[in-house]
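Here this note's numbering is used: the first residue of the sequence shown is 4, the next is one more, and so on.
Report on the following structure.
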Amino acid sequence: MSRQRNLEILKACSAMKDLGIKSETFKPVLKRLLNLYDNNWELIKEDNYRTLVDAIFETDEEKEKDENKLAVCNDPLDPPLKNHHSIDQLVVEHDRLEPPFKKHHVMEAEDKASPTMDRMDMQGMRHGVIPQSSFSLQSGASIIQNPRAPKIEASSSSACDRSRNNGKDPITISSSPMDQHMATRWGASTEARQVSNVKGVDDFIDNGHAENSPVTASGTRVTTAASDSGTPISSTYELASSACGLVKVDLKCNRGCEQLKVEPILDSVITFVESKYRHLYDNVGPKFSLHECLKELCQSYVQCVADPTGHFPSRRHPRAHLNPIRQPNNGSLRSGHKEQHVKKLMSSGSVSSSFVASHQQPASLSLLIPDISKETEAVRISLVDDLSGEKEPLPNFAYIPRNLVYQSAYVHVALARIADEDCCYGCRGDCLSSTVPCACARDTGGEFAYTPDGLVKEEFLRKCILMNEEPQKDHYYFCQDCPLERAKKNYRPKNCKGHLIRRFIKECWRKCGCNMSCGNRVVQRGISRKLQVFLTSDGKGWGVRTLEELPKGAFVCEYVGEVLTNLELFERNKQNSKDRHTYPVLLDADWGSESVLKDEDALCLDATHFGNVARFINHRCCDANLIEIPVEVENPDHHYYHLAFFTKKKVDAFEELTWDYQIDFADHNHPVKAFKCCCRSKSCRDRKGKGLKLSEEREAATLDFLH
Ligand SMILES: C[S@@+](CC[C@H](N)C(=O)[O-])C[C@H]1O[C@@H](n2cnc3c(N)ncnc32)[C@H](O)[C@@H]1O
Numbered sequence: 004m005s006r007q008r009n010l011e012i013l014k015a016c017s018a019m020k021d022l023g024i025k026s027e028t029f030k031p032v033l034k035r036l037l038n039l040y041d042n043n044w045e046l047i048k049e050d051n052y053r054t055l056v057d058a059i060f061e062t063d064e065e066k067e068k069d070e071n072k073l074a075v076c077n078d079p080l081d082p083p084l085k086n087h088h089s090i091d092q093l094v095v096e097h098d099r100l101e102p103p104f105k106k107h108h109v110m111e112a113e114d115k116a117s118p119t120m121d122r123m124d125m126q127g128m129r130h131g132v133i134p135q136s137s138f139s140l141q142s143g144a145s146i147i148q149n150p151r152a153p154k155i156e157a158s159s160s161s162a163c164d165r166s167r168n169n170g171k172d173p174i175t176i177s178s179s180p181m182d183q184h185m186a187t188r189w190g191a192s193t194e195a196r197q198v199s200n201v202k203g204v205d206d207f208i209d210n211g212h213a214e215n216s217p218v219t220a221s222g223t224r225v226t227t228a229a230s231d232s233g234t235p236i237s238s239t240y241e242l243a244s245s246a247c248g249l250v251k252v253d254l255k256c257n258r259g260c261e262q263l264k265v266e267p268i269l270d271s272v273i274t275f276v277e278s279k280y281r282h283l284y285d286n287v288g289p290k291f292s293l294h295e296c297l298k299e300l301c302q303s304y305v306q307c308v309a310d311p312t313g314h315f316p317s318r319r320h321p322r323a324h325l326n327p328i329r330q331p332n333n334g335s336l337r338s339g340h341k342e343q344h345v346k347k348l349m350s351s352g353s354v355s356s357s358f359v360a361s362h363q364q365p366a367s368l369s370l371l372i373p374d375i376s377k378e379t380e381a382v383r384i385s386l387v388d389d390l391s392g393e394k395e396p397l398p399n400f401a402y403i404p405r406n407l408v409y410q411s412a413y414v415h416v417a418l419a420r421i422a423d424e425d426c427c428y429g430c431r432g433d434c435l436s437s438t439v440p441c442a443c444a445r446d447t448g449g450e451f452a453y454t455p456d457g458l459v460k461e462e463f464l465r466k467c468i469l470m471n472e473e474p475q476k477d478h479y480y481f482c483q484d485c486p487l488e489r490a491k492k493n494y495r496p497k498n499c500k501g502h503l504i505r506r507f508i509k510e511c512w513r514k515c516g517c518n519m520s521c522g523n524r525v526v527q528r529g530i531s532r533k534l535q536v537f538l539t540s541d542g543k544g545w546g547v548r549t550l551e552e553l554p555k556g557a558f559v560c561e562y563v564g565e566v567l568t569n570l571e572l573f574e575r576n577k578q579n580s581k582d583r584h585t586y587p588v589l590l591d592a593d594w595g596s597e598s599v600l601k602d603e604d605a606l607c608l609d610a611t612h613f614g615n616v617a618r619f620i621n622h623r624c625c626d627a628n629l630i631e632i633p634v635e636v637e638n639p640d641h642h643y644y645h646l647a648f649f650t651k652k653k654v655d656a657f658e659e660l661t662w663d664y665q666i667d668f669a670d671h672n673h674p675v676k677a678f679k680c681c682c683r684s685k686s687c688r689d690r691k692g693k694g695l696k697l698s699e700e701r702e703a704a705t706l707d708f709l710h
């Protein structure tokens, strides 16, 4: 019995040595654990002495101090017996026999006995559940809430354990075996850490490590400052992620062996850092928040998995930026399920000060085009296929970030056409910060349509939605001589079907005195949200989803295409009637302002051959999450304007973006044949493919809603 015990003690010594934990640190804890567990070594040894290591970390300073005292004197609880060495004796003996570090033992042990989280994920996989992860970090304390996810501690710990070296040993990147243990507990391999530390994360990725090897990045900062006693103050931070999507941020604040006289309240530390940054950096505005930064880190982790073309590419597609790749599809779940699943995760359990990171296993994500915009947009827009085995041809079109006139359309942009009183020549900086709204707000009732956060104001949005969804008779303009009808063969002047008169947003422009970051310039700054083109699972072909949560009223993108006259569109559609067309957009919001519109002024946008990401946004009857709003930028006459998409409500990350094309499914004379709608909306206007009149359907939808 006693021999076995001695053997166990020696093994524990060896394991602790490997982790760089000094004998005087672990001895008292080991004794305490043996007492606690009634000498059950199995519990202590589990997961490469995880319990012991955790207990060492968790032991508070006071207790440790006391126990340290015990460790240096003769232990009354553990008197030396014949053939029964005390822990102290054995440790001393072990110290003489063993070299200080045996890094590989840690790895081997971890490989064999995989940590709890890996086991759980495997189980999840077997049951067809996407491994999920979430961590919630609240100031002061943090514990995982997700019952399926493994237990994770998000800690802000004092690193006194390591500072047992009295602050003499320099702390270098990845030099500490304890770091390695922490990393391996989080699924990080020593090799990965070393490569990532030495060469950077990207190099590690390009090294082509095994697909399931985790990505880790860690770093250490040693400040030049010294504590009151002259001990160098050093701190380390460690980022570790596991293949199942857990991310751990570990901050270790080291003041050598000094004990903190006053334990700072984490909230105050956060506030202190925020104000420090506001003072230090001009660009850090009053809204800077460390919580937001960490939340952003979590969300970006999720996004980088979903969008491997982000700034930190996923290991799965190490060279995704070079070639379109079609990866074998191993995922067992259809994207619809996954979207739901991820949405559920994203919306679950997040309180204002907690961060939730969750993502799905990227096993089935197939990156086909890293950036459809070919770097013409400020953000990359990837095209992925996460359905197994679907054969959808890649879209054949040229990406253009701004509209281009095809041939005959009259789009006359000239500074002289903008009257001085129609712009804010005298403004400086940001028009939104001025107490009196400038001339550019005149068209929107003397108030800007945007909030300082760049969102469409609630009231303006509400009116636009109402006008679209429940238009009154006086919201329509009926042409005496409709340019649309003029293009048709059996032209009858009075056949106009009506054009919805819309509310315009007017943005400041070149003739204005404000700068580009003026809050009244949103659409002209282009796409800033993280979008992705993906293959829909319900037969609509490609669609667009957001990779980040979008608040209500957020600008998503503009509908960009070739600017055609309606005559040109008609001719084009006649010639290529078999082509799959993106639905053309009429620029008819202001047709009522002129009694007879000339053909070259009656314009539309066709994104079939030239377009931007909006050409992939699918239609949804009635309850779409986007609304199109006309935006005047450079053209005061409203023949030509920008059609911008804004969110009608909060949109979750990974949710498909849709807008109501306002199709009249019953109009069989429309230049573009209506498709059979698969929007699955409760109020789908294309019921059983028969197609009801838009007006009838609107009525039906209203009745549906009322009952
Ligand atoms: C603007 S494009 C959208 C992108 C398109 N899904 C693609 O794969 O290129 C419009 C076309 O998408 C398809 N589409 C859009 N919404 C749809 C819906 N609700 N039901 C069925 N097909 C739809 C139709 O083929 C339509 O002509």
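Even for Gly, the Cβ is constructed at its ideal location relative to N, Cα and C.
Note that the coordinates shown come from a computational prediction; the quantities given were computed from them, not determined experimentally.
Whose C-beta lies closer than 8 Å to the C-beta of residue i among residues of the same chain, with five residues either side of it excluded?
i       : result
Arg-623 : Thr-661, Trp-662, Asp-663, Cys-682, Ser-684
Gly-457 : Gly-522, Val-525, Ala-557, Phe-558
Lys-652 : Lys-555, Asn-628
How far does the alpha helix (DSSP H) with residue i in it extend, from its first residue to its last?
i       : result
Leu-13  : 5 to 21
Ser-26  : 26 to 39
Pro-486 : 486 to 489
Val-547 : Looking at the DSSP string, Val-547 is not in any alpha helix (DSSP H); the run it does join, the beta strand (DSSP E), is 545 to 549.
Thr-54  : 44 to 61
Ile-468 : 461 to 472
Leu-572 : 569 to 578
Which whole-angstrom value describes the C-beta separation of residue i and residue j, a residue pair presumed to lie in contact below a C-beta threshold of 8 Å?
i       : j       : result
Ala-444 : Ile-504 : Contact doesn't hold; Cβ gap of about 20 Å is too wide.
His-645 : Glu-571 : So it is not a contact: roughly 20 Å between Cβ atoms.
Pro-639 : Arg-420 : 6 Å
Gln-527 : Arg-548 : So it is not a contact: roughly 24 Å between Cβ atoms.
Asp-689 : Cys-680 : 3 Å
Which value, in whole angstroms, describes the spacing of the CA atoms of residue i and residue j?
i       : j       : result
Ile-384 : Ile-530 : 10 Å
Leu-269 : Phe-275 : 10 Å
Phe-60  : Thr-28  : 10 Å
Met-470 : Ile-630 : 11 Å
Glu-552 : Lys-14  : 50 Å
Phe-573 : Ala-490 : 7 Å
Ile-372 : Leu-386 : 5 Å
Val-654 : Glu-637 : 30 Å
Glu-462 : Glu-450 : 11 Å
Thr-438 : Pro-455 : 13 Å
Glu-395 : Ala-627 : 24 Å
Val-588 : Val-252 : 48 Å
Phe-649 : Gly-564 : 18 Å
Ser-278 : Asn-399 : 50 Å
Pro-79  : Leu-293 : Note that Pro-79 scores 37 on pLDDT, short of 50, meaning its location in the model is unreliable; the coordinates nonetheless yield the value given after this. Going from the Cα of Pro-79 to the Cα of Leu-293 covers about 49 Å.
Asn-43  : Leu-55  : 12 Å
Lys-20  : Glu-11  : 14 Å
Leu-464 : Lys-377 : 32 Å
Glu-424 : Ala-442 : 7 Å
Lys-460 : Tyr-52  : 57 Å
Ordered along the chain, which non-local residues of its own chain (more than five positions away) have a Cβ less than 6 Å from that of residue i?
i       : result
Gly-501 : Tyr-479, Phe-481
Ser-338 : Here Ser-338 scores only 39 on pLDDT, less than 50, and its place in the model should not be relied on; the value that follows carries that caveat. Excluding sequence neighbours, Ser-338 sits near Asp-389, Leu-390, Ser-540.
Glu-488 : Tyr-494, Asn-498
Lys-514 : Leu-418, Ile-421, Cys-426
Arg-8   : none
Starting from residue i, trace the beta strand (DSSP E) in both directions and tell me its first and last residue.
i       : result
Ile-268 : Premise fails: Ile-268 is in no beta strand (DSSP E) and is neither H nor E.
Phe-648 : 645 to 650
Cys-607 : 606 to 614
Phe-537 : 534 to 538
Phe-558 : 558 to 561
Thr-661 : 659 to 662
Val-634 : 629 to 635
Please list, in chain order, all residues of the same chain as residue i whose beta carbon is under 7 Å from its beta carbon, the five residues on each side excluded.
i       : result
Pro-486 : Asn-569, Leu-600, Asp-602, Ala-605
Cys-467 : Arg-506, Ile-630, Ile-632
Lys-543 : Asn-621, Cys-681
Cβ-heavy atom distance between residue i and ligand 3 below 6 Å?
i       : result
Arg-618 : Summarising the ligand content, the structure contains ligand 1 and does not contain ligand 3.
* **Segment contact, 8 Å Cβ cut-off, at least three pairs: the region 430 to 444 with the region 402 to 418** => no
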